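Colleague:
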Amino acid sequence: MVSSTDLVRRRQVDEWDAGWVPTLTTTRGDWTLTLKGELRLHRGHHFGAVTWAQFYPADVPPDHRYYDYQVGKRSASLAADVSWKASERLTLSGGLEGAQQRYELSHDLL
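What follows is the structure in structure tokens.
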């Protein structure tokens with residue numbers, strides 16, 4: 002059993018992201034309608050390894066990964082905004098938005 006040692010560790014995150022954010026605006030007379038959307042994807046691989054130790058426990062090999070997991074996130078949203086120019090000095094507006102998010106954790110190895 003090793004109770005104390007000097008060591009060097011490496012912690013790393015490999016990430017990938019992508020997204021799309023479209024907007025469509027149309028105006029008819031005093032009315033303006035804007036439709037917006039958003040789609041985002043994220044993937045990540047997190048791990049940590051002991052790259053060197055002065056003393057290794059008998060059952061732990063060099064470059065042992067002491068954590069290793071993958072994460073993912075997907076988010077999507079839709080929105081609509083409408084405005085009406087009632088007069089030169091007054092514009093009324095309103096909007097509605099909905100969103101969904103999903104998180105994942107997989108391949109969790111300790």
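Heads up: the sequence shown is residues 2 to 111, going by my numbering.
For each residue, glycine too, the CB sits at the ideal point set by N, CA and C.
Predicted, not measured: the structure shown is a model, and the values here were computed from it.
1) Taking the continuous beta strand (DSSP E) assigned at R11, which residues delimit it?
2) Taking Cβ positions, are S107 and G73 nearer each other than 9 Å?
3) Cβ atoms of L42 and D18: under 9 Å apart, would you say?
4) If you check the beta carbons only, do E98 and A80 fall under 9 Å apart?
5) Any C-beta of chain B sitting closer than 9 Å to the C-beta of D31?
Modeller: Let me lay it out:
1) Locating residue 11 in the sequence shown gives position 10, counting from the first residue. Segment L8 to W21, the beta strand (DSSP E) holding R11.
2) Indexing the sequence shown from 1 puts residue 107 at position 106. Indexing the sequence shown from 1 puts residue 73 at position 72. Result yes, Cβ atoms of S107 and G73 sit closer than 9 Å.
3) In the sequence shown, counting from the first residue as 1, residue 18 sits at position 17. In the sequence shown, counting from the first residue as 1, residue 42 sits at position 41. Yes.
4) Position 97 of the sequence shown, counted from the first residue, corresponds to residue 98. Position 79 of the sequence shown, counted from the first residue, corresponds to residue 80. The answer is yes: Cβ separation under 9 Å.
5) Absent from the structure is chain B; it holds one protein chain and no more.
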